[in-house]
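Data block below; observations after.
Residue numbers (full-length UniProt numbering): 1 to 246.
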């Protein structure tokens, strides 16, 4: 997969509604994010599954500039995201009704609804994690080592996968990683919450990040703590802007 000269691509931007307050006595989960913040770092990089051809990401021996857009329109992927959003909405309704039941002094009903809300939250996280794994695998079937396409991932999912890629690259002895982000990644949390996550990742790995001079939709992550000279170095706040721009 070559990133040089690629046009930027639109990303998945479906956004669920804001959750409702939850009753405190039963300590339901604090306002959850509509998309999973972390996937297990020990999870191995996705590999093709041959037993379910209908849900397999297509193989792209000659990657074109629209491949990631095609993958984001895949019926299976879109279904997973849609079902995750449905679970999020049901979770919000349960917590809202739980709050109302508590206000009406119906503690038993409030607790029952709160537990239902937690179940919907777990289902939402499971579906989003499956969607993230699928789209990451689909976009990177033929990626070169150190070259990663993050299209179709929510920002916190992308950070998790990037963290894994950086660790793998260092184990191989690579000096840099190219992150293909196109027009940017959808962030429900907005820049206020994204910036600390980026700063933590940069500090954790001692990274220097540059914008590819040939394609502003590609970030060059230098693992040695020194700029490569390929592009201009950008601070965490500029990385946030690149990731969350529309």
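Just so you know, even glycine gets a beta-carbon here, dropped at the ideal spot from N, CA and C. These figures come from a predicted structure and were not determined experimentally.
Status (buried if at least 16 other CB within 10 Å, exposed otherwise) for residue 102:
With 16 or more other Cβ atoms within 10 Å, it is buried.
Just verifying my parser: in three-state terms, what is the DSSP assignment at residue 32?
Residue placement at residue 32 is flagged as unreliable, the pLDDT there being 46, under the threshold of 50; a coordinate-derived value is accordingly withheld.
Using the Cβ count rule (16 or more neighbours within 10 Å means buried), how would you classify residue 164?
Buried, because 16 or more other Cβ atoms sit within 10 Å of the Cβ of residue 164.
Would you mind sorting residue 105 into buried or exposed? The rule is 16 or more other CB atoms within 10 Å of its CB.
Classification of residue 105: exposed, given that the 10 Å Cβ count is below 16.
What residues in its chain sit with their C-beta under 8 Å from that of residue 225, if we drop five residues either side in the sequence?
If you ignore the 5 residues before and after residue 225, its C-beta comes within less than 8 Å of the C-beta of 206, 207 and 208, all in its own chain and listed in chain order.
Could you spell out where the alpha helix (DSSP H) holding residue 121 opens and where it closes?
For residue 121, the enclosing alpha helix (DSSP H) begins and ends at 107–139.
Where does residue 52 fall in DSSP's three states?
Residue placement at residue 52 cannot be trusted, given a pLDDT of 39 that sits under 50; what the coordinates show is reported in the next sentence. Three-state DSSP puts residue 52 in coil, outside helix and strand.
Smallest Cα separation from residue 158: which of 204, 136 and 78?
Nearest to residue 158 by C-alpha distance, out of 204, 136 and 78, is 136.
Could you check whether the region 137–151 touches the region 164–181, counting it as contact only if at least three pairs of C-beta atoms, one from each stretch, sit closer than 8 Å?
A contact exists between the region 137–151 and the region 164–181.
Are residue 71 and residue 152 touching if we call contact CB-CB under 8 Å?
The answer is yes: Cβ separation under 8 Å.
C-beta atoms of residue 124 and residue 154 nearer than 8 Å
No, these two residues do not count as a Cβ contact at 8 Å.
Closest by CA to residue 167, which one among 214, 201 and 156?
Closest by C-alpha distance to residue 167, out of 214, 201 and 156, is 201.
Neighbourhood of residue 83 by C-beta, 7 Å cutoff - its chain only, sequence neighbours within 5 removed
Here the set comprises 127.
For residue 134, which option in 156, 199, 76 and 142 has the closest C-alpha, if you only look at C-alpha atoms?
Among 156, 199, 76 and 142, the Cα nearest to that of residue 134 is on 76.
Determine the direct distance from the alpha carbon of residue 110 to that of residue 100, and round the result to whole angstroms.
Rounded to whole angstroms, residue 100 to residue 110 spans 8 Å at the Cα level.
Residue 118 versus residue 107: straight-line alpha-carbon distance, rounded:
Pairing residue 118 with residue 107, the inter-Cα distance amounts to about 17 Å.
Measure the CB-CB distance between residue 174 and residue 219 and report whether it falls below 8 Å.
No. Outside cutoff.
With 16 other Cβ atoms within 10 Å as the buried cut-off, status of residue 121
With 16 or more neighbouring CB atoms inside 10 Å of its own CB, residue 121 falls in the buried class.
Euclidean distance between Cα positions of residue 74 and residue 141
Approximately 15 Å between the Cα atoms of the pair.
I need the straight-line Cα distance from residue 90 to residue 79, nearest angstrom please.
Distance between residue 90 and residue 79, taken at the CA atoms: about 16 Å.
Going by CA-CA distance only, name the one from 221, 217 and 216 that's closest to residue 169.
Checking every option, the nearest Cα to that of residue 169 belongs to 221.
Write down every uninterrupted run of the alpha helix (DSSP H) in the UniProt domain "Smr" (148–224) whose length is 4 residues or greater and which is fully enclosed by it, in chain order.
Counting only runs of 4 or more, we get 155–172 and 191–205.
From residue 203 to residue 162, what does the alpha carbon distance come to, in whole angstroms?
One C-alpha to the other measures close to 14 Å.
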